[in-house]
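In the numbering used here, the protein residues as written are 589 to 913.
Even glycine gets a Cβ: it sits at the ideal position worked out from N, Cα and C.
Remember, it's a predicted structure, so these values are computed and weren't measured experimentally.
Structure, as structure tokens:
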Ligand code: ALL
């Protein structure tokens, strides 16, 4: 049952949608609460995430499910994600599916800060409460559209700056480093790059290359290998998420330069935390991904209950270094 932009998923029957577990539109699960337990008036909340190939989003989903299980009767949860980081069309289709099933709220981590705005606007126009988590929608475009969608998430620039400062303390003025970025159209990718640059500028460290690897591990390994080849004196790779840091560590090892080139990331996924603890990565940032969707869900429930005007909410981000350091 393929889902394409020419045959919007919103045309599918709602009942059929709930039976789907995996479609070409991405992964969608049946509501968490058994139907027998569902209070007729309990709001239905859809969580629409990005790549489920990224542990960051599977732990986000686990956190949301645990919250729903701890609050039975309060709401019904439908968990969705896409297959890879750049499947914008799949994410748009998922939002359309959720609109077609008549959910009360959509909590969304958009893969792109502009590309998902038109469908989000349609959801708001349909009376659905939309809460933006993790990656902020473009504020200017939102304002132009005259749509208010609150953002719940961390200050990514600040988080990246903190990670960059830990790295700078290990380097000397004039050292050379490179930045491997996420999808350029994602605001949090732009902010993390800016935060890394802030820290390098303050420490007088030279950023010799900035390249996007679209959040993906394999792409980052390729990009990192090329950068290492071009810059024999390179001292560090600053990666905008941990998936890409894993790729960078592989490239550094492959080049036999693990003693010279430091790697930092962002997310604190378990694989990266293991590398931080072993010294193969210097640091990462914990943005408490397992709680991010929960914050968004709680806010959506609050807005549904009170009808209050939505406002942004800032969440924590902290640096993680090896506990033995
Ligand atoms: C960002 C998230 C995580 C994730 C990345 C790739 O929006 O904050 O850093 O690793 O997207 O999906």
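Can you give me the C-alpha to C-alpha distance between residue 893 and residue 792, rounded to a whole angstrom? 51 Å
Across which residues does DSSP place residue 937 in a beta bridge pair? The question about residue 937 has no answer, for the chain in this structure spans 589 to 913.
Identify which residue in 810, 682, 697 has its Cα closest to the Cα of residue 775. 697
Reducing DSSP to helix, strand and coil, say where residue 742 ends up. strand
Whole alpha helix (DSSP H) elements within the segment 642-712, 4-residue minimum: 643-658, 676-688
Residue 701, buried or exposed, once every other Cβ within 10 Å from all chains shown has been counted against 16: buried
What residues in its chain sit with their C-beta under 8 Å from that of residue 840, if we drop five residues either side in the sequence? 812, 816, 825, 846, 849, 851
Classify residue 806: buried if its beta carbon has 16 or more other beta carbons within 10 angstroms, exposed otherwise. exposed
Could you tell me the alpha carbon to alpha carbon distance between residue 722 and residue 771, rounded to whole angstroms? 14 Å
How should residue 866 be labelled, buried or exposed, when 16 other C-beta atoms within 10 angstroms of its C-beta is the threshold for buried? exposed
By alpha-carbon positions, which one of 879, 827, 870 ends up nearest to residue 854? 827
Member of 879, 773, 707 whose CA lies at the smallest distance from the CA of residue 679: 707
Here's a check: name, in chain order, each residue in its chain whose Cβ is nearer than 7 Å to the Cβ of residue 834, leaving out the five neighbours to either side. 805, 859, 860
Are there any heavy atoms of ligand 1 lying less than 7 Å away from the beta-carbon of residue 668, as far as the coordinates show? no
Quick one: complete beta strand (DSSP E) runs, 3+ long, within the segment 783-855? 794-800, 824-827, 850-852
Taking 7 Å as the cut-off, is the CB of residue 914 close to at least one heavy atom of ligand 1? Missing from the structure shown is residue 914; the chain here goes from 589 to 913 and no further.
Expressed to the nearest angstrom, what Euclidean distance is found between the alpha-carbon atoms of residue 631 and residue 691? 8 Å
What does DSSP give as the partner residues of residue 873 in its beta bridges? 907
Taking only heavy atoms of ligand 1 into account, decide whether any of them is closer than 7 Å to the Cβ of residue 861. no
Please name the residue or residues paired with residue 639 in a DSSP beta bridge. 670
Does the segment 776-792 come close enough to the segment 738-754 to have 3 or more Cβ pairs within less than 8 Å? yes
Residue 795: which of 884, 756, 664 sits nearest, CA to CA? 756
Once the 5 residues before and after residue 647 are set aside, which same chain residues still bring their CB inside 7 Å of it? 877, 878
Sort 784, 725, 763 by Cα distance to residue 753 and report the nearest one. 784
Taking the alpha helix (DSSP H) that residue 720 falls in, what are its first and last residues? From DSSP, residue 720 is part of no alpha helix (DSSP H) but of the beta strand (DSSP E) over 717-721.
Whose C-beta lies closer than 7 Å to the C-beta of residue 910 among residues of the same chain, with five residues either side of it excluded? 864, 865, 867
Spatial neighbours of residue 745 in its chain, beta-carbon cut-off 6 Å, leaving aside the 5 residues before and after: 779, 782, 783
Within this structure, are the beta carbons of residue 694 and residue 885 separated by less than 8 Å? no
Residues sharing a beta bridge with residue 633, DSSP: 665, 693
To the nearest angstrom, report how far apart residue 720 and residue 737 are at their CA atoms. 7 Å
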